[in-house]
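Here is the structure we will look at, set down as structure tokens.
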Ligand SMILES: Cc1cc2nc3c(=O)[nH]c(=O)nc-3n(C[C@H](O)[C@H](O)[C@H](O)COP(=O)(O)OP(=O)(O)OC[C@H]3O[C@@H](n4cnc5c(N)ncnc54)[C@H](O)[C@@H]3O)c2cc1C
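In this note's numbering, the protein residues as written are 49 to 333.
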């Protein structure tokens with residue numbers, strides 16, 4: 049017979065995870081659709097009783113997003129402008145009902161190529177905190193999501209937080225999502241961009257694209273092309289000619305591979321220009 053448990057402390061949850069095989073249930077917005085009408089065959093560990101894992105905290109070195117933090121929690125929390133892309137994601141994941149229960153960590157653990165949170169967290173150099181009864185480890189996000197529906201989560205482990213180094217929480221950021229309609233839609237392609245602009249020059253750039261490869265990717269060629277440029281029309285020209293070798297889109301019902309590649313370049317440009325516009329607003333405020 050399968051078991052259902054809803055622990056109220058992280059230690060209790062980790063002790064249960066060390067005893068056997070469990071499927072973790074957070075907001076359930078990916079969990080239940082994946083389950084469909086199939087009978088449950090694995091133990092279910094419901095982490096919704098873990099109040100300690102909900103909320104956003106600031107340490108001397110990091111912003112720490114607890115694993116049970118919802119998209120709505122994130123929108124309501126005051127954060128630096130570098131988090132604007134992640135807040136835009138939060139407002140566009142599903143509907144308000146989904147945003148109220150779904151967790152940011154669940155979005156990453158589900159490891160869908162179309163997870164909107166992944167690019168926005170990649171441009172923040174996010175790392176994932178993984179705990180088991182015995183150890184705690186920290187993994188950069190690009191080493192946590194390994195492929196379509198595959199993560200580095202080990203037996204006995206759960207994600208307890210997502211950590212953003214304060215060094216990466218600099219500048220302004222913007223998120224652009226392309227779907228078949230404006231709202232409540234799975235992304236055909238999506239881009240997050242974060243720029244640090246000093247004296248009218250791009251001093252640092254981070255750009256990531258999702259839904260155009262099995263795992264969302266940072267675009268090192270675009271980032272290198274942007275660094276050191278003055279903030280003018282030259283930014284778009286640089287994006288148009290920069291390599292995007294990291295992208296390997298597939299064709300599916302939502303769009304062909306060729307369309308995705310074209311669209312990705314266009315929305316990279318829109319996200320970068322959106323970031324510049326936000327930077328102007330922040331500077332004027
Ligand atoms: C109608 C609808 C619209 C949606 N729209 C979007 C969208 O626009 N963009 C988008 O990106 N997603 C969308 N989603 C997907 C989903 O809402 C998000 O991925 C959400 O953030 C998942 O979080 P959750 O808390 O519901 O995760 P759950 O469904 O509870 O869990 C998802 C997976 O992660 C695992 N897991 C969860 N938490 C942990 C943890 N702490 N440690 C280890 N494993 C864990 C679970 O075992 C499961 O495998 C949509 C879903 C629905 C139903």
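Yeah, the Cβ is synthetic: ideal placement off N, Cα and C, and Gly gets one too.
Computed from a prediction, not measured in an experiment: that's the story for all the values here.
Should the segment 55–69 be called in touch with the segment 83–103, which here means at least 3 C-beta pairs below 8 Å? yes
Note to self: Helix, strand or coil for residue 225? Go by DSSP, reduced to three states.
What the structure shows: Reading the chain shown from its first residue, position 177 is the one you call residue 225. Three-state DSSP puts residue 225 in a strand.
- Message: Quick check on the DSSP output: the alpha helix (DSSP H) that includes residue 321 runs from which residue to which?
- Response: For the purposes of this step, residue 321 is taken as the residue at position 273 of the chain shown. From DSSP, the alpha helix (DSSP H) with residue 321 extends over 305–332.
Query raised in the report: With 16 other CB atoms within 10 Å as the buried threshold, where does residue 281 fall?
Result: On the chain shown, residue 281 is found 233 positions in, with the first residue counted as 1. That one is exposed.
Would residue 251 be called buried (16 or more neighbouring beta carbons within 10 Å of its own) or exposed? Within the chain shown, numbered from 1, the residue matching residue 251 stands at position 203. Result: exposed.
Note to self: Considering Cα atoms alone, identify which of 108, 49, 329, 67 is closest to residue 215.
What the structure shows: What you label residue 215 is simply residue 167 of the chain shown in a count that begins at 1. Ranking 108, 49, 329, 67 by Cα distance to residue 215 puts 108 first.
Burial state of residue 167, where buried means 16 or more other Cβ atoms lie within 10 Å: Translated into positions along the chain shown, residue 167 becomes position 119. Under this definition residue 167 is a buried residue.
At 4 residues or longer, and completely inside the segment 215–292: list those alpha helix (DSSP H) runs for me, N to C.
268–274, 282–289
- [ ] Look at the alpha carbon of residue 242 and the alpha carbon of residue 220, and state the distance between them as a whole number of angstroms.
- [x] As a first step, residue 242 must be located in the chain shown, where it is residue number 194. As a first step, residue 220 must be located in the chain shown, where it is residue number 172. Each residue's alpha carbon lies about 6 Å from the other.
Mind checking whether the beta-carbon of residue 150 lies closer than 8 Å to any heavy atom of ligand 1? Locating residue 150 in the chain shown gives position 102, where the first residue counts as 1. Flag set: Cβ of residue 150 near ligand 1.
Among 196, 114, 228, 188, nearest to residue 304 - alpha-carbon criterion:
Taking the first residue of the chain shown as position 1, residue 304 is located at position 256. Ranking the options by Cα distance to residue 304, first place goes to 228.
Note to self: Please report the distance separating the alpha-carbon of residue 306 from that of residue 50.
What the structure shows: As a working note, residue 306 is residue 258 in the chain shown. As a working note, residue 50 is residue 2 in the chain shown. Each residue's Cα considered, the two are about 46 Å apart.
With residue 109 as the anchor, note down where its beta strand (DSSP E) starts and where it stops. By 1-based counting over the chain shown, the position of residue 109 is 61. From DSSP, residue 109 is part of no beta strand (DSSP E); its letter is neither H nor E.
Checklist line | Pick from 270, 101, 256, 131 that is closest to residue 161, judged by C-alpha positions | finding: The residue you call residue 161 lines up with position 113 of the chain shown. Out of 270, 101, 256, 131, 256 has the C-alpha closest to the C-alpha of residue 161.
message: On the DSSP letters alone, give me the boundaries of the beta strand (DSSP E) that residue 208 sits inside.
response: As a working note, residue 208 is residue 160 in the chain shown. 206–213 is the span of the beta strand (DSSP E), which, as asked, contains residue 208.
Q. Cβ of residue 245 within 8 Å of any heavy atom in ligand 1?
A. On the chain shown, residue 245 is found 197 positions in, with the first residue counted as 1. Not so, every heavy atom of ligand 1 lies at least 8 Å from the Cβ.
So what's residue 173 in DSSP terms, helix, strand or just coil? On the chain shown, residue 173 is found 125 positions in, with the first residue counted as 1. DSSP places residue 173 in coil when its eight states are reduced to three.
message = Could you check whether residue 312 and residue 295 sit closer than 9 Å to each other, using their CB atoms as the reference points?
response = The residue given as residue 295 occupies position 247 in the chain shown. The residue given as residue 312 occupies position 264 in the chain shown. Yes, they are a contact pair.
*May I ask whether a heavy atom of ligand 1 can be found less than 8 Å away from the beta carbon of residue 169?*
For the purposes of this step, residue 169 is taken as residue 121 along the chain shown, with counting starting at 1. For ligand 1, not one heavy atom lies less than 8 Å from the Cβ of residue 169.
- Item | Whole-number beta carbon distance between residue 115 and residue 101, since they are thought to touch under 8 Å | For the purposes of this step, residue 101 is identified with residue 53 of the chain shown, where counting begins at 1. For the purposes of this step, residue 115 is identified with residue 67 of the chain shown, where counting begins at 1. Between residue 115 and residue 101 the Cβ distance is about 5 Å, and since that is below 8 Å, they are a contact.
Query - C-beta atoms of residue 235 and residue 300 nearer than 9 Å - result: Position 187 of the chain shown, counting from 1, holds the residue named residue 235. Position 252 of the chain shown, counting from 1, holds the residue named residue 300. Cβ distance not < 9 Å, so residue 235 and residue 300 don't count as in contact.
Exercise. Considering only residues of the same chain and omitting the five flanking positions on each side of residue 194, which have a CB-CB separation below 8 Å?
Worked result: Indexing the chain shown from 1 puts residue 194 at position 146. The residues are 159, 200, 263.
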